[in-house]
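Novice: In our numbering, the protein residues as written are 206 to 607.
Each residue gets a CB set at the ideal place from its N, CA and C atoms; glycine is no exception.
Below is one structure. I have some questions about it.
In structure tokens, the structure reads:
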């Protein structure tokens, strides 16, 4: 695909593809992709498994009085924590065309081949990122099994982010077509001005409400709750991201949200009890029975020198209450601040003996590469992306259940 009618080149196609991916993907355009720069703006031969550390600043502790650090001999640690952002996903879409198709001008090629290809690729990336975010998000609002048709769940989502001090700007909310219809029917003036209403709802960007930019999504993930029920805490004073539980009934699936009796969320700066139960999410499938469940957030009680995640460690035999209905699957909308998650798109090299180009636009890299099939007089072209995602501040994210 070196030149098509002296107009079509890999460079032109790659740049158009990267531009389309940024424009078509409302998730990518609403999360932090700054870490892409750390993988280099030039093609450096990155591959699956490459990692960059995303640093997370510590939460300062404020002490009362004139005694340094509340009487402690040293101040609390100011070391940054970090999460690993791993380039773990490569996706591509393939195109096959011969000498005749190569004579197309760029405009025709975009319309007939490139746009459908990039829409398909973008949809897959969108769905993958939304699914990852669901697994990483413990906060949830709404009523399991009910498509929201009022403003209340979305206001609750905003309040949830406020409670965890998420910045007020750069928030987006991704909901289903069914939720959009239900909300629009009951609240037609909610998002739009009179002029916009005359044109009906168009594109995926629906409007703005409760501090969120709303986007209609077809790729929202579904939470499949396991049959797990009847679990309780096994042992008092537990801390960390493993929770020992007594024998219950059934599995707890990854992404399942639950609360623990007597364990509340705290203000992220003051450590004060919010009066709201702390929500936890299961981070790995748990087969059932007595054992240890992997959870987020880790359980760390507030102390005089440490702002933890909860008011107190759970008591022995404290009841565990799963959000939603056992053995049911329900779609999950999601709202988040831009910096709740990070994604990175790394430039892929063009392989030896192939023709191609890697373009980076808006911190998103796309490779277009062609290899020939001389026997059939055809060329196979693939459009690739290599990316990874990490939860940086998942408390700045909230699920809206349907």
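Jot down the residue ranges of each uninterrupted beta strand (DSSP E) in the stretch 484-569, minimum 3 residues, whole runs only, in chain order.
Specialist: Fully enclosed beta strand (DSSP E) runs of 3 or longer: 496-504, 525-527, 534-542, 546-551 and 560-566.
Novice: Quick one: residues in its chain with C-beta nearer than 6 Å to the C-beta of residue 555, no 5 flanking neighbours on either side, listed in chain order?
Specialist: If we look at residue 555 and ignore the five residues flanking it on each side, its Cβ neighbours are 561 and 574.
Novice: Express the C-alpha separation of residue 496 and residue 459 in angstroms, rounding to a whole number.
Specialist: Each residue's alpha carbon lies about 15 Å from the other.
Novice: At what residues does the beta strand (DSSP E) containing residue 583 begin and finish?
Specialist: Where residue 583 is concerned, the enclosing beta strand (DSSP E) stretches over 583-596.
Novice: How would you write the range of the alpha helix (DSSP H) that residue 359 sits in, first residue to last?
Specialist: Its alpha helix (DSSP H) spans residues 357-368.
Novice: Look at residue 485 and residue 361 and say whether their C-beta atoms are less than 7 Å apart.
Specialist: Result no, Cβ atoms of residue 485 and residue 361 do not sit closer than 7 Å.
Novice: For residue 530 versus residue 494, is the C-beta spacing smaller than 7 Å?
Specialist: No.
Novice: Per the DSSP calculation, residue 434 is bridged to which residue(s)?
Specialist: 454.
Novice: In the structure shown, what three-state DSSP assignment does residue 461 receive?
Specialist: The answer is coil: DSSP assigns residue 461 none of H, G, I, E or B.
Novice: Kindly indicate which residue of 270, 337 and 345 has the alpha-carbon position closest to the one of residue 462.
Specialist: Checking every option, the nearest Cα to that of residue 462 belongs to 345.
Novice: Figure out for me which residue from 539, 308 and 220 has the closest Cα to the Cα of residue 428.
Specialist: Of the candidates 539, 308 and 220, the one whose C-alpha sits nearest the C-alpha of residue 428 is 539.
Novice: Let me make sure I understand the geometry here. Which of 368, 227 and 385 has the alpha-carbon closest to that of residue 328?
Specialist: Selected option, being the one with the closest Cα: 227.
Novice: Looking at residue 588: is its Cβ nearer than 7 Å to the Cβ of residue 222?
Specialist: Yes.
Novice: Taking three-plus beta-carbon pairs below 8 Å as touching, is the stretch 501-517 in contact with the stretch 566-582?
Specialist: The answer is no - the stretch 566-582 does not touch the stretch 501-517, with fewer than three Cβ pairs under 8 Å.
Novice: According to DSSP, which residues form a beta bridge with residue 482?
Specialist: 469, per the DSSP bridge assignment.
Novice: With DSSP run on the structure shown, which of helix, strand or coil describes residue 347?
Specialist: In this structure, residue 347 counts as coil in the three-state DSSP scheme.
Novice: State whether the stretch 578-597 contacts the stretch 350-364, with contact taken as three or more CB pairs (one from each stretch) at a distance under 8 Å.
Specialist: The stretch 578-597 vs the stretch 350-364: no contact.
Novice: I'd like the list of long-range same chain contacts for residue 445, defined as Cβ closer than 7 Å, with 5 residues on each side in sequence excluded.
Specialist: So the qualifying residues of the chain are 503 and 504.
Novice: Where does the unbroken beta strand (DSSP E) through residue 415 begin, and where does it stop?
Specialist: That residue, residue 415, is in no beta strand (DSSP E); it is neither H nor E in DSSP.
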